[in-house]
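Heads up, the thing below is written out as structure tokens.
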Amino acid sequence: MAETSIEWTDVTWNPVAGCTVLTAGCTNCYAMRMAARLEAMGVEKYAGLTRKSGGRAKWTGRIFLDRKALSIPASWSKPRRVFVNSMSDLFHSDVPTDFISDVWKVMAQTPRHTYQILTKRPDRMVEIVPGLAKLRNVWLGTSVEDARVIYRIDKLRQVPAAVRFVSFEPLIGSVSGAGLRNIHWAIVGGESGPKARSMDPAWVDEIESMCRDQGAAFFFKQWGGKNKKAAGRTLNGRLYDEMPAPSMP
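Here the sequence shown stands for residues 1365 to 1613, numbered as in my numbering.
This is the structure we're talking about:
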């Protein structure tokens, strides 16, 4: 577990570490850089998860299952919003179904917490989640960086969840063709870091309008860039920190 500066959550919980570059949104993934730093600091969990390529850390594709981490949420007495696997993807093809089931059991046993699971692999989520317990405290989401992966939203719509959300981060292209029917929440953010790609304000406005038209909560996370703090997170003169309401009884 780690306290986090991510604006839409309280803590991160990583029972899985490591991933594989999948689409354009993965190119400058912050988790690759962080995993490389943690390995350099001697954190065994992250050993061998990245390699240097072109002077930058890249995922090797190796996955680490951290069963010791499964006990962490039970130790938190205060309710928290928990971002699950900020350093991986729970629905990566190399994460066994029985391990995903174990993660689900932990979430069922700690209903005081709200768990936010974000994947770039909603097709596998669709295969697995219907066979698991339907939990009001588990929010399921997918990442969409540009129009080439809009299909992920259609996959997400097929998943039973208290909250379905889309993270348009890093937003590197227009998603004007997307629809947010039966999506409860949209997060928008520009890419940050030394190789950050720019985000057109028009792309953000398109998503904000979609949220208003289709009833989704809208959360604007950041403009990003090489200095994301300097760029800030104000959109059209205000902050957008809307949160969704769970729809399952």
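The C-beta atom is built at its ideal place from N, Cα and C for all residues, glycine as well. All values reported here derive from a predicted model rather than from experimental measurement.
Closest in alpha carbon position to D1458, among P1608, I1427 and E1570, is I1427. Separation of L1413 and S1538 (C-alpha to C-alpha, rounded to the nearest whole angstrom) is 32 Å. Cβ neighbours of R1521 within its own chain (closer than 6 Å, five residues either side excluded): N1546.
Around the Cβ of G1382, a 10 Å sphere holds 16 or more other Cβ atoms; the residue is buried. In the three-state reduction of the DSSP assignment, F1529 falls in the strand class, which pools E and B. Ranking N1449, D1430 and T1387 by CA distance to the CA of W1377 puts N1449 first. The Cβ atoms of F1529 and V1552 do not sit closer than 8 Å to each other. Within the same chain, Cβ atoms closer than 8 Å to the Cβ of K1422 are found at V1385, M1396, T1414, R1415 and K1416, the five residues on either side in sequence being excluded. I1481 sits in a strand when the DSSP states are folded into three classes.
By the Cβ-count criterion, S1562 is exposed, with fewer than 16 other Cβ atoms from all chains shown falling within 10 Å of its own Cβ. Within the segment 1448–1483, the beta strand (DSSP E) runs of at least 3 residues that lie entirely inside it are, in chain order, 1478–1483.
Membership of L1520 in any beta strand (DSSP E) is not indicated; the residue belongs instead to the alpha helix (DSSP H) covering Y1515 to R1521. It is roughly 33 Å from the alpha-carbon of K1585 to the alpha-carbon of D1462. Under the three-state reduction of DSSP, L1499 is assigned to coil, being neither helix nor strand.
Straight-line measurement puts the Cα of R1500 at about 27 Å from the Cα of E1509. In this structure, the beta-carbon distance from I1464 to I1492 falls below 8 Å. Note that the segment 1403–1411 does not touch the segment 1476–1487; fewer than 3 beta-carbon pairs, one per stretch, sit closer than 8 Å.
Taking every protein chain shown into account, the CB of G1588 has 16 or more other CB atoms within 10 angstroms, so this residue is buried. By DSSP's assignment, W1377 forms a beta bridge with V1448.
Per DSSP, reduced to three states, the secondary structure at G1389 is helical. Inter-residue distance for K1484 and I1536 is about 15 Å (C-alpha atoms, whole angstroms). For S1417, the uninterrupted beta strand (DSSP E) segment begins and ends at T1414 to S1417. Taking the C-beta atoms as reference points, R1431 is found no nearer than 8 Å to D1374. Bridge partners of W1423 according to DSSP: T1414. Apart from the 5 residues on each side of it in sequence, L1544 sits with its Cβ closer than 6 Å to the Cβ of M1574, Q1578 and A1580 in its chain, given in chain order. Going by DSSP, A1581 is part of no alpha helix (DSSP H) but of the beta strand (DSSP E) stretching over A1581 to Q1586.
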